[in-house]
Each structure stands twice: as structure tokens, then as C-alpha cells.
Amino acid sequence: MTLVEVIVATGVFTVAVLAAAHLLFWAMRTFWITGAETVATAAAQMKMEQLQSLAWHLDDDGNRVSDLETNLTGRSESSGGPGLSPSPSNALAENVDGYVDYLDAQGQWLATGPTPPPEAAFVRRWAVRPLAAAPEDTLVLQVIVVPLANQPAGGRRRAGRGAGESQLVTARTRVR
Numbered sequence: 122m123t124l125v126e127v128i129v130a131t132g133v134f135t136v137a138v139l140a141a142a143h144l145l146f147w148a149m150r151t152f153w154i155t156g157a158e159t160v161a162t163a164a165a166q167m168k169m170e171q172l173q174s175l176a177w178h179l180d181d182d183g184n185r186v187s188d189l190e191t192n193l194t195g196r197s198e199s200s201g202g203p204g205l206s207p208s209p210s211n212a213l214a215e216n217v218d219g220y221v222d223y224l225d226a227q228g229q230w231l232a233t234g235p236t237p238p239p240e241a242a243f244v245r246r247w248a249v250r251p252l253a254a255a256p257e258d259t260l261v262l263q264v265i266v267v268p269l270a271n272q273p274a275g276g277r278r279r280a281g282r283g284a285g286e287s288q289l290v291t292a293r294t295r296v297r
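Quick note on my numbering: the sequence shown kicks off at 122 and runs consecutively.
Here it is, written out as C-alpha cells:
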């Protein structure tokens with residue numbers, strides 16, 4: 122073998138190793154994103170089910186019944202919260218008391234409040250908004266779960282959907 126052949130073989134080997142490393146990096150990143158999206162979607166679905174379980178109907182006499190006092194920010198439901206009261210306009214973008222909680226890497230509840238605990242992996246926010254066309258009888262419910270790795274300093278959410286995020290939206294209507 123000549124020196125030129127050895128240099129060419131080394132160059133080809135180096136390019137192949139770098140390509141394999143790049144492929145491995147992207148495979149690991151995709152694996153992380155998929156796992157985070159799975160946890161985020163399950164956590165968003167759990168919160169959406171909690172919101173949908175709150176009273177929002179007409180009683181037998183046609184009176185509106187609305188749960189405006191259940192607290193959904195704890196490990197279990199309690200009193201002293203906003204229930205299905207309209208949320209502040211920034212509830213999906215910032216950590217608003219009564220509309221935010223924090224989850225670990227497996228999606229288990231950890232805490233609530235304006236700042237996440239050190240072990241938190243996800244922030245879950247939700248919003249309750251009356252539909253403009255029928256504000257007394259129709260609500261739009263939104264839940265977003267964001268990996269804290271996607272959160273910029275200050276806790277304010279960037280526009281658009283990031284890696285590992287999940288967002289659910291539904292409407293709830295009282296019918297006559």
C-alpha cells in the first residue's frame with residue numbers, strides 16, 4: 122500500500138464515522154422528542170378530562186349550573202380554585218396561579234405556583250375562555266404541556282409549538 126492509499130482510506134473512514142455519529146445524534150434527539158410528546162400528551166389529556174368533569178350543564182328547571190370553585194392545581198381536586206371561571210388572557214403563555222402545575226419526567230404531579238421546583242420536567246398550563254358567540258353556554262378549554270427544556274428564561278412561552286410539546290383544545294356547550 123502506498124501512502125496515498127492510506128490517506129484516502131483514512132479520509133473515507135473518517136467521513137463514514139462522522140456520518141454515523143451525526144445519524145446517531147439525530148436518532149437520539151428524535152427518541153427524546155417522541156418520549157416527551159408521549160408524556161406531554163398523556164398529561165394534557167388528564168388535565169382536559171379534569172376540566173370536562175366539572176359541572177357545566179342546565180338543571181331540571183333550565184338554570185345554568187357552573188363549577189366556579191374547584192381547584193385543579195393540586196394532586197387531587199379541592200375547593201378554593203377558579204373551576205371553570207374564565208382564565209386570564211396570558212394563562213397559556215405564563216405561569217398564572219390557578220392555571221398551572223408542574224410535572225416530573227414521567228408526567229406525575231409535583232407542585233404548583235409561579236416557579237417550578239428543581240425536579241420538574243414539564244409545565245402544564247390551561248385556559249378557560251367563553252366562546253364569543255355564546256359566552257353564557259359555551260367554553261373553549263385549552264391545555265398545553267411544555268418540557269421545561271423548551272422554556273426560555275423568565276418562564277414566558279415562545280410562540281409556536283416546540284419539540285416535545287402537546288396542546289389540546291375542545292369546546293364545552295350547555296344544551297337546552
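Ideal Cβ placement from N, Cα and C applies to all residues, glycine included.
Asked, Found
"Neighbourhood of L179 by C-beta, 8 angstroms cutoff - its chain only, sequence neighbours within 5 removed", "R185, V186, R295, V296, R297"
"Span of the alpha helix (DSSP H) around T162", "124–174"
"Within 8 angstroms, strictly: CB atoms of E286 and V261", "no"
"Own chain residues within Cβ distance below 8 angstroms of T259, not counting five before or after", "P251, L252, A292, R293, T294, R295"
"For P268: DSSP bridge partner residues", "F243"
"DSSP-derived helix/strand/coil call for Q227", "coil"
"Where T291 sits in the DSSP three-state scheme", "strand"
"Contacts around D188, its chain only, beta-carbon distance under 6 angstroms, and the 5 residues preceding and following it disregarded", "L175, A176, G204, L205"
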